[in-house]
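Chains as they are written, first to last, in full-length UniProt numbering: chain A, 1 to 423; chain B, 1 to 423; chain C, 1 to 151; chain D, 1 to 151. Don't be surprised by glycine CBs; every beta carbon is placed ideally from N, CA and C. Note that the coordinates shown come from a computational prediction; the quantities given were computed from them, not determined experimentally.
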Amino acid sequence: MTTTQLVGLLPELEVIRADFPILERTVAGGLPLVYLDSANTSQKPQVVIDTMVDHLERHNANVARAMHALGAESTEAFEGGRDRVAAFLNAPSRDEVIFTKNASEALNLVANTLAWAQGPLRVGEGDVVVTTEMEHHSNIVPWQLLTERTGATLKWFGITDDGHLDLANIDELISERTKVVTLTWVSNMLGTINPVAEIARRAHEVGAIVVLDASQAAPQLPVDVVACGADVVVFTGHKVVGPTGIGVLWGRRELLEQLPPFLGGGEMIETVRMEGSTYAGIPHKFEAGTPPIVEAVGLGAAVDYLSHIGMDAIHRHEQAITAYALEGLQTVRGLTVLGPLDAAERGGAISFELDGVHPHDVAQVLDSRGVAVRAGHHCAKPAHARFGVQSSTRMSSYLYTTPAEIDALVDGLEYTRSYFKLG
Amino acid sequence: MTTTQLVGLLPELEVIRADFPILERTVAGGLPLVYLDSANTSQKPQVVIDTMVDHLERHNANVARAMHALGAESTEAFEGGRDRVAAFLNAPSRDEVIFTKNASEALNLVANTLAWAQGPLRVGEGDVVVTTEMEHHSNIVPWQLLTERTGATLKWFGITDDGHLDLANIDELISERTKVVTLTWVSNMLGTINPVAEIARRAHEVGAIVVLDASQAAPQLPVDVVACGADVVVFTGHKVVGPTGIGVLWGRRELLEQLPPFLGGGEMIETVRMEGSTYAGIPHKFEAGTPPIVEAVGLGAAVDYLSHIGMDAIHRHEQAITAYALEGLQTVRGLTVLGPLDAAERGGAISFELDGVHPHDVAQVLDSRGVAVRAGHHCAKPAHARFGVQSSTRMSSYLYTTPAEIDALVDGLEYTRSYFKLG
Amino acid sequence: MMSHELDSLYQDIILDHAKRRLNAGLREPFEAEVHHVNPTCGDEVTLRLHLEGDVIRDISYDNQGCSISSASASVMTELLIGKTVAEAKPIHDAFLEMMRGKGQVEPDEDVLEDAIAFAGAAKLTARIKCALLSWMAYQDALVRAQEESDV
Amino acid sequence: MMSHELDSLYQDIILDHAKRRLNAGLREPFEAEVHHVNPTCGDEVTLRLHLEGDVIRDISYDNQGCSISSASASVMTELLIGKTVAEAKPIHDAFLEMMRGKGQVEPDEDVLEDAIAFAGAAKLTARIKCALLSWMAYQDALVRAQEESDV
Ligand SMILES: Cc1ncc(COP(=O)(O)O)c(C=O)c1O
Ligand SMILES: Cc1ncc(COP(=O)(O)O)c(C=O)c1O
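The structure is reproduced here in structure tokens:
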């Protein structure tokens, strides 16, 4: 295949790659690393690592509580991370940006506080929560726990054969009894980009709140929390070239103000007496204890890095690589891609099956050639079950991925076929 | 004061200080940093920072899920952090060590799962939860939320005039109705070391579970989770020279196995179907989503660093510095120490009042001399209320603190008095 | 902070107001009483507002706080009592603008009078809330008093 | 992993067992049936154990999994069927010891026979669970079958 002509690639791809120290690594006894597992976690540019190191070596202190010079510097750096994330999301107010430990906690925060809310938000007996069969486990299990514990009912959108949400029964699912509609913006398994604004509109017609899992969208698409129409949008730091240990929950102010606290503790209070406590305003109400300080500082540097390159440019790059990969993968005999086959309809994660070889074995052979992919259920068992498979192999690209790396994957798959002596 | 003779100081204090890059910083226009806010958060040795950087630059990948070389390296490093923490705590099993985002989440995890537990563990109407007036807000508010939400009753031990737990009414507090007894091992405000084994014994007589907040103990004392007699012990990474974004919950296996899950999501499941899910065994059951990977790696390096110096030696150092500080502080006119006056009965945090100057103003003047202390309620409003004060100034030392730094504090307090023209 | 910044924070006007605490104490009558807390440090103020038509007849308060927050309450009451709500507004706005300006806003002494002394506090993130506490309480009380009179 | 490690992982014995899957399929009679899952990757096995007195008369199974986990089930059943529980124990122990030894344990071919081929998997953290899945299921089934017969 000729790769030089690929339209949409980031213009200075080699410069970008040089920002990521891990890409210089060799694996498997001297082979260059071909990292195609970015939907699992992204690699970190030097600027994120350096910003964190500078914070730890020169400005480390606890935030909010400390009056001294280091405390002021640390607080400013931490809250600066919040400002950067608010800008990245186009959030109307920085106070609407809450730091959690990951996307999973953010989703649980919403599910939990809806169980304890007073008034119309409370999810209880007879209420309906709607999710989809395409979700990551982190957007299924919290709602199962909520509905099991409160006596509400969990319903879900199915998936069509070509990997889109099946909206045929939307009127039945989104009804007067529906309190919450939650869905993923981009599927981490099928790659599908969902029509979130349309679903949000329908949900709002019945007064339901809309929770959007942007864990796979935030790394790849320009995210505008207002335009997308959701009430809550979550994503996770480690997938947007930031560190682990931090996630983000954006919520509409009015909603967040009505929700009761989630975790109790330091920083989330207004006043504490043994007999009872009152709580701080947002965002602090939802940030009990010492927050992920150096992580917020790192995340701020991460979203700045992405914004500097431009989310539109990154999205174009992902689409170009994805199109190229879809084309290449389909040249491999016995390979079936799960999910949409048109790159314009999807994100950069591509799951596939290779006839006659279990995904673990595929991944293992690829690993021996330096190609890192994920094998398994990718925390999306129901979506796998929907397609009658128990696991799959997934390649996922990011802004540092080159067409040559896709070639290495395709070659590796051919090698896998011959290694396992498939005809 | 002559400081050279101080018995118990760490022998190679200058070498230890050289491990902490931030201690080379100057503040306030060129003055050396005198960091006396370690009970708020500790500084980080180079080895912790370097270990994190090496992980991010060379081994970063998601854990458990990834089959490739980086995934295996990252998983090994992450689980190695768990092994190191288990050893630090003398935990019977590494599986009993659960990573949370901080100590606050760990405490909330216990309080929340007790609300949803089935069988005798469940806390409901008529049950009693016992805490103390000496707790950090993070060990009060979760239990207020639990008891308010379930109809249980919250009771608490008071504090004696000399800053100890008032155990006079222990028989009334710890009764057949008591389901949980939770307390801090070392007070973050008064410094008091509590008789935890004795209280645990009493609680176990009535079948209550014992939750120990070791957030201030773990940095300072050798912690042995078996010997202390508790069922659950929590602490937080950033106070033991580790990073933010990670906390630890140790729990007895039988207890953890009986508790329902807390957060739902990736990694904590056994299998997920839309109709319902089953959960993984401990520790994973309680670790939903991508865990704090680089943070666990850093925490592993941190507890190794402390163990290498020796927790007994660190404890002796803290006691020597604390004794020296108690002595020095009491030479300042109008200064009153809150809490025990005998260093042997306490940890290294010393809160005090300076007659006629508000703690903020004390801290501000000290800051202008490079001395960093904390002013406020230190997330312990009830303990302040007990002593009729709304806030205090707190100095807190750690393994890198020198007697000369205590001298700088005492000098700074004298200067504060003169700055505000106290007679 | 450096020692010259210390002096610009603790200007004589501030130390003086912190000591004298003009208009301190809670008085009757009042149309609104509010209680504000700085959750970070625990500083508290209870503030009462007494309006007569459009005129701020009295602002009385009881506070626990540092010299910055005490002085700020004292200066505010001195500036605002006797003014109409409309006259108070630009002063209030100017104070907020100065405090939130991170030391970048050049305060107008003609409007702010003694309150200009808080320019030093505006440069210190940790102290901004101290200076703002009673001003935010006044604003809240005003809203409530006006709601009250609308009923 | 390097390519020679790949070959030591996918030894012919393993690929052969993965293809032939000896004793696969679920059969009657049985005293215990268990279902085990590897939560990380989703591999599953349903395993039935049929004892006659002390003798392992049959181990039947249905599994979904990679070549390592399929081969492991196949090898295990071949090794254990027909043995007494007591005779099976040292084999089971030796297999667990090898798999948990991080490649440091020198396996005993006299005891493990074909199962020695999993020494390559023991070096790969991610594959250890694949190889252990059916062995853990057998152990669980044994406990249940014995509880059953105690009643
Ligand atoms: C005694 C005590 N408990 C709990 C905590 C809470 O720790 P974190 O803020 O890391 O959750 C702290 C420290 O802030 C503490 O000192
Ligand atoms: C779509 C989606 N949602 C949620 C998550 C959970 O993110 P985290 O594991 O960081 O909580 C992930 C990634 O694992 C994801 O891909």
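{"Item": "Outcome for A/ARG273 when other beta-carbon atoms lying within 10 angstroms are tallied against a minimum of 16", "Value": "exposed"}
{"Item": "Closer than 8 angstroms to chain B by CB, C/GLN11", "Value": "no"}
{"Item": "When D/LEU112, D/ALA86, D/ILE128 are compared against D/GLN146, the one with the closest alpha-carbon", "Value": "D/ALA86"}
{"Item": "Beta carbon proximity, A/CYS379 to chain B, threshold 8 angstroms", "Value": "yes"}
{"Item": "Any C-beta of chain E under 8 angstroms from that of B/SER368", "Value": "The displayed structure is made up of protein chains A, B, C and D, and chain E is not among them."}
{"Item": "Min CB distance B/MET134 to chain A below 8 angstroms", "Value": "no"}
{"Item": "C-beta atoms of A/ARG386 and A/ILE16 nearer than 8 angstroms", "Value": "no"}
{"Item": "Reduced DSSP secondary structure (H/G/I, E/B, other) of C/ALA18", "Value": "helix"}
{"Item": "Near-chain D residues of the stretch 13-41 of chain A - C-beta to any C-beta below 7 angstroms", "Value": "ALA28, GLY29"}
{"Item": "A/SER392, DSSP secondary structure in three states", "Value": "strand"}
{"Item": "Beta-carbon contacts of A/ALA152 that lie in its chain and below 8 angstroms, excluding the five residues immediately before and after", "Value": "VAL123, GLY124, GLU125, GLY126, ASP127, VAL128, VAL129, LEU146, LYS179"}
{"Item": "A/VAL240 classed as buried or exposed, judged by whether at least 16 other C-beta atoms fall within 10 angstroms", "Value": "buried"}
{"Item": "Residue range of the unbroken alpha helix (DSSP H) whose run includes C/LEU9", "Value": "3-9"}
{"Item": "Burial state of B/GLU198, where buried means 16 or more other Cβ atoms lie within 10 Å", "Value": "exposed"}
{"Item": "Ligand 1 heavy atom lying under 7 angstroms from the CB of B/ASN139", "Value": "yes"}
{"Item": "Any non-hydrogen atom of ligand 2 closer than 7 angstroms to A/HIS238 Cβ", "Value": "yes"}
{"Item": "Contacting residues, own chain, Cβ-Cβ under 6 angstroms from D/GLU78 (five flanking each side not counted)", "Value": "LEU22"}
{"Item": "Rounded Cβ spacing between B/ARG314 and B/LEU399 (contact assumed at less than 8 angstroms)", "Value": "Residue identity differs from the one stated: residue 314 of chain B is Ile in this sequence, not Arg. At roughly 5 angstroms, the Cβ-Cβ gap stays under 8 angstroms, so B/ILE314 and B/LEU399 are in contact."}
{"Item": "C-alpha distance - A/TRP116 paired with A/ALA372, whole-angstrom precision", "Value": "43 angstroms"}
{"Item": "Alpha carbon of residue 438 of chain A to alpha carbon of A/ARG58, nearest angstrom", "Value": "The displayed coordinates of chain A run from 1 to 423. Any statement about residue 438 of chain A would go beyond what the structure contains."}
{"Item": "C-alpha gap between C/ARG27 and B/LYS44, whole angstroms", "Value": "52 angstroms"}
{"Item": "Within-8 angstroms CB hit, C/ALA126 to chain A", "Value": "yes"}
{"Item": "Touch test, the stretch 91-111 of chain B against the stretch 256-276 of chain A, Cβ-Cβ under 8 angstroms, three pairs minimum", "Value": "yes"}
{"Item": "Reduced DSSP secondary structure (H/G/I, E/B, other) of B/HIS108", "Value": "Per the sequence shown, the amino acid found at residue 108 of chain B is Asn instead of His. B/ASN108 falls in the helix class under three-state DSSP."}
{"Item": "B/MET102 beta carbon near ligand 1 (any heavy atom closer than 7 angstroms)", "Value": "Note on identity: in this sequence residue 102 of chain B is Asn, with Met being the wrong assignment. Because some heavy atom of ligand 1 lies under 7 angstroms away, the Cβ of B/ASN102 counts as near it: yes."}
{"Item": "Short CB-CB distance (under 8 angstroms) between D/SER67 and chain A", "Value": "yes"}
{"Item": "Helix, strand or coil at B/THR2 [DSSP, three-state]", "Value": "Note on B/THR2: pLDDT 46, under 50, position unreliable in the model; the coordinate value appears next. B/THR2: coil per DSSP, three-state reduction."}
{"Item": "A/LEU9, DSSP secondary structure in three states", "Value": "coil"}
{"Item": "Assigned secondary structure, A/GLY119 (DSSP; H/G/I helix, E/B strand, else coil)", "Value": "helix"}
{"Item": "Rounded straight-line distance, which links the Cα of D/LYS89 to that of A/VAL389", "Value": "35 angstroms"}
{"Item": "Cβ-based burial, A/THR278 [other Cβ within 10 Å; buried from 16]", "Value": "exposed"}
{"Item": "Reference A/TRP250; option with closest CA among A/ASP367, A/GLY229, A/GLY276", "Value": "A/GLY229"}
{"Item": "Residues bridged to D/ARG48 [DSSP beta-bridge criterion]", "Value": "D/GLU33, D/SER60"}
{"Item": "Beta-bridge partners of B/VAL130, as assigned by DSSP", "Value": "B/LYS155, B/VAL181"}
{"Item": "Where the beta strand (DSSP E) containing B/THR41 begins and where it ends", "Value": "No beta strand (DSSP E) holds B/THR41; DSSP gives it neither H nor E."}
{"Item": "Stretch-stretch touch, CB-based, cutoff 8 angstroms, three pairs: the stretch 67-76 of chain B with the stretch 212-219 of chain B", "Value": "no"}
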